[in-house]
Amino acid sequence: MERLSTWASKNRTPLVIAAAVLVAAYAFNLVRGDIAPSMFGAAWGYAIPLVLAALVGVIGERSGVVNIGIEGQMLLAAFAGFFVAAVSGSMIVGVLAGIGTGLVAGGFLAVTAVRWRMDQIIAGVVLNIIATGLTSFYLVSGQSLPGVIPNVSVPLLSQIPLLGEVFFSGRSVIALIAILAAVLVHLALFHSRWGLRTRAVGEYPSAADTAGIKVERLRMVNVTLAGSLAGLAGVYLSMDASSTFEREMTAGRGFLALAIMIMGAWRPLRAFSMALFFGFVNATASQLQQTGGFSIPPQLTATLPYVATLVVLAVAAGRVRPPGAVGQPYVKKDQ
29 MERLSTWASK NRTPLVIAAA VLVAAYAFNL VRGDIAPSMF GAAWGYAIPL
79 VLAALVGVIG ERSGVVNIGI EGQMLLAAFA GFFVAAVSGS MIVGVLAGIG
129 TGLVAGGFLA VTAVRWRMDQ IIAGVVLNII ATGLTSFYLV SGQSLPGVIP
179 NVSVPLLSQI PLLGEVFFSG RSVIALIAIL AAVLVHLALF HSRWGLRTRA
229 VGEYPSAADT AGIKVERLRM VNVTLAGSLA GLAGVYLSMD ASSTFEREMT
279 AGRGFLALAI MIMGAWRPLR AFSMALFFGF VNATASQLQQ TGGFSIPPQL
329 TATLPYVATL VVLAVAAGRV RPPGAVGQPY VKKDQ
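The sequence shown maps to residues 29 to 363 in the working numbering.
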């Protein structure tokens with residue numbers, strides 16, 4: 029009980045904001061029950077790949093590695109998952125191919141940025157360029173998926189008014205994995221030995237090395253494994269949200285996820301809430317275009333989440349601090 033009280037006192041502001049948002053959501057549902065569930069559902073659907081991609085950034089930067097290549101990881105995974113599923117006739121094989129491609133892309137970044145000590149920004153940009161080139165060159169039209177990723181409902185949780193309908197009733201398996209991943213990464217990062225070591229190599233790698241932690245190896249493992257989440261985000265885009273693959277279909281979501289990570293102060297659950305915020309911005313813009321009586325060009329509507337990103341980043345500038353050693357390759361003194 030004392031630990032819970034201490035945690036609540038440390039997170040008083042986020043808890044108050046979360047409670048206020050929850051009250052506002054139920055109030056809006058009470059007033060506009062005809063559109064509220066669909067709007068919130070659309071917001072969550074838009075936020076799913078952002079949550080997964082933001083977790084990739086959190087794990088990487090908490091380890092001391094900037095991952096600009098999330099966009100490329102998602103794009104490669106979306107491409108591989110869709111076309112492997114179409115050719116093999118198996119959705120399961122396609123999903124595994126997408127996740128595996130994300131792992132390979134994460135391994136590529138880990139080797140170049142950690143082992144070879146290439147500038148981390150340049151390594152990520154190279155990954156993005158490779159992804160755009162490969163997926164555009166090998167794109168084949170006319171392919172279709174052999175099925176759909178199943179939707180599931182979580183017993184008991186799906187019965188919660190509004191929240192259950194939005195998050196736990198008839199939702200994609202990937203959507204549920206995104207929620208579970210955010211919770212598990214948070215718990216692992218702040219309540220496990222792995223999390224303590226990861227934060228140590230991201231803040232004070234020399235001290236971590238002195239304590240016996242293999243800094244380079246841990247960074248490589250974390251960046252590589254985080255690629256599986258980027259792969260899952262790509263799979264969601266091409267095999268769940270749209271059931272097709274198009275050139276550059278990630279549309280900057282990888283970069284938006286990095287902004288979400290920063291605004292979430294490199295904390296998984298806060299990044300989750302910021303992804304929901306941007307999903308709601310996108311859903312609101314779409315709803316205004318459909319029923320608000322506004323003639324808004326769809327191109328302008330698509331930019332609103334990015335405009336909101338700039339505004340929130342400007343407000344948050346200077347109020348959050350990145351991990352101390354992020355972006356810095358670690359070289360042992362005896363090397």
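Built from N, CA and C at the ideal position, the CB exists for glycine as well.
Of the listed residues the options, nearest to residue i (C-alpha basis)
i, options, result
"Asn-156", "Arg-145, Val-142, Gln-101", "Gln-101"
"Val-154", "Val-142, Leu-137, Ser-301", "Leu-137"
"Gly-69", "Pro-333, Pro-42, Leu-328, Leu-304", "Leu-304"
"Pro-357", "Glu-193, Val-194, Glu-274, Val-229", "Val-229"
"Ala-336", "Pro-183, Tyr-166, Ala-311, Val-354", "Ala-311"
"Lys-360", "Thr-160, Phe-165, Gly-128, Pro-233", "Pro-233"
"Ile-290", "Ile-87, Tyr-166, Phe-110, Ser-181", "Ile-87"
"Ala-269", "Ala-299, Leu-286, Val-251, Leu-173", "Leu-173"
"Leu-80", "Gly-282, Thr-163, Thr-160", "Gly-282"
"Gly-128", "Ala-46, Gly-307, Gly-355, Ala-258", "Ala-258"
"Arg-225", "Trp-72, Gln-315, Gly-92, Arg-40", "Gly-92"
"Gly-152", "Ala-133, Arg-90, Gly-61", "Ala-133"
"Thr-278", "Ala-293, Trp-294, Leu-260, Arg-295", "Leu-260"
"Pro-77", "Phe-300, Glu-244, Tyr-334", "Phe-300"
"Leu-83", "Ile-207, Gly-175, Gly-161", "Ile-207"
Residue i, DSSP secondary structure in three states
i, result
"Arg-349", "coil"
"Ser-200", "strand"
"Val-427", "Any answer about residue 427 is impossible in this case: the structure gives the chain only from 29 up to 363."
"Thr-272", "coil"
"Ser-66", "helix"
"Leu-191", "helix"
"Pro-333", "helix"
"Ser-37", "helix"
"Gly-230", "helix"
"Arg-225", "helix"
"Tyr-54", "helix"
"Gly-161", "helix"
"Pro-42", "helix"
"Ala-239", "coil"
"Ser-220", "coil"
"Val-359", "coil"
"Leu-184", "coil"
"Leu-212", "helix"
"Val-340", "helix"
"Val-168", "coil"
"Val-49", "helix"
Exposed unless 16 or more other CB atoms sit within 10 angstroms - verdict on residue i
i, result
"Gln-366", "With the chain covering 29 to 363 only, the question about residue 366 has no answer from this structure."
"Ala-108", "buried"
"Arg-143", "exposed"
"Ile-150", "exposed"
"Phe-165", "exposed"
"Ala-254", "buried"
"Leu-284", "buried"
"Asn-179", "exposed"
"Leu-131", "buried"
"Ser-314", "buried"
"Val-44", "exposed"
"Pro-351", "buried"
"Pro-41", "One point to set straight first is that residue 41 is Thr, not Pro, in the sequence displayed. The residue in question, Thr-41, is exposed, as its Cβ has fewer than 16 Cβ neighbours within 10 Å."
"Pro-325", "exposed"
"Ile-48", "The question names Ile, yet the displayed sequence has Ala at residue 48. That one is exposed."
"Ser-169", "exposed"
The ligand FMN heavy atom lying under 6 Å from the CB of residue i
i, result
"Leu-224", "The model on display carries no ligand, and the ligand FMN is accordingly not part of it."
Secondary structure, alpha helix (DSSP H): runs of 4+ residues fully inside the region 70–154: Within the region 70–154, the complete alpha helix (DSSP H) runs of at least 4 residues are 98–116, 119–138.
Pair every Cβ in the region 118–128 with every Cβ in the region 231–241, then say whether three or more of these pairs are closer than 8 Å. no
Taking three-plus beta-carbon pairs below 8 Å as touching, is the region 92–110 in contact with the region 341–349? The answer is no - the region 341–349 does not touch the region 92–110, with fewer than three Cβ pairs under 8 Å.
Can you confirm whether the region 219–229 touches the region 266–274 when touching is taken to mean that 3 or more C-beta pairs between the two stretches lie within less than 8 Å? Taking a cut-off of 8 Å on C-beta distances, the region 266–274 does not touch the region 219–229, as fewer than three cross pairs fall below it.
Jot down the residue ranges of each uninterrupted alpha helix (DSSP H) in the region 242–327, minimum 4 residues, whole runs only, in chain order. Whole alpha helix (DSSP H) segments, 4+ residues: 243–264, 281–291, 296–319.
Would you check if the region 176–196 and the region 48–67 touch, i.e. whether three or more CB-CB distances between them fall below 8 Å? In short, these stretches touch, since the Cβ pair count reaches three.
Please determine if the region 200–210 and the region 251–266 are in contact, where contact requires at least 3 C-beta pairs separated by less than 8 Å. Result yes; three or more Cβ-Cβ pairs closer than 8 Å.
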